[in-house]
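Novice: Numbering (my numbering), first residue to last: 17 to 136.
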Amino acid sequence: MEENLQATVAYAVDAKSLWNDLKERYSEGNQTRVFQIKTEIALLKHEGLSVRDYYGKLKLLWDELEFYLEHPSCSCGARMMITGQREMEKSYQFLMGLTHEFNTIRSTILSIEPMPSLNK
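(1) When the cut-off is 7 Å and only beta carbons count, does residue 115 lie next to chain D?
(2) For residue 89, which residues from the same chain have a beta carbon less than 8 Å from its beta carbon, with the 5 sequence-adjacent residues on both sides left out?
(3) Taking residue 57 and residue 109 to be in contact with their CB atoms under 8 Å, please state how far apart those CB atoms are, rounded to whole angstroms.
(4) In the structure shown, what three-state DSSP assignment does residue 30 receive?
(5) Roughly how many whole angstroms lie between the Cα atoms of residue 115 and residue 51?
(6) Have a look at 107, 60 and 120 and flag the residue whose alpha-carbon is nearest the alpha-carbon of residue 130.
(7) Alpha carbon to alpha carbon, how far is residue 77 from residue 33? Give it in angstroms, no decimals.
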């Protein structure tokens, strides 16, 4: 971490408060970057890549996007519901980018209720 930045966060109580402070400080006006990341995700295709490399590129984009997205902090279950919806969206994005050779596998996965997570 750069020295001038380090001095501004030296008294953070814990890692979470440090992270929240940095996020609040530097995430304002990031709608352009969010748009860029979402565009890259939408345009990314499996063509010319191994499935592992394709997934790896998507995972990097998803992780960066996650940094910019809001996460409700409540006990009502909204956070869990939103997390589930985001995970489902990632599954759809992954399947949409696969080449036609994976049509049968894609159809099989889409027919499973509930749809399995990408980690399965």
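C-beta atoms are modelled at their ideal positions from N, C-alpha and C, and glycine is treated no differently.
Every value quoted in this text rests on a predicted model; they were computed, and no experiment measured them.
Specialist: The structure says:
(1) Reference to chain D is not applicable here, since this structure consists of a single protein chain.
(2) For residue 89, where only same-chain residues beyond five positions count, the Cβ hits under 8 Å are 95.
(3) Their Cβ separation, rounded to whole angstroms, is 6 Å, which keeps residue 57 and residue 109 in contact under 8 Å.
(4) In this structure, residue 30 counts as coil in the three-state DSSP scheme.
(5) Each residue's CA atom was taken as its position, placing residue 115 and residue 51 some 24 Å apart.
(6) From the listed residues 107, 60 and 120, the smallest Cα separation to residue 130 is found for 107.
(7) Cα-Cα distance, rounded: 24 Å.
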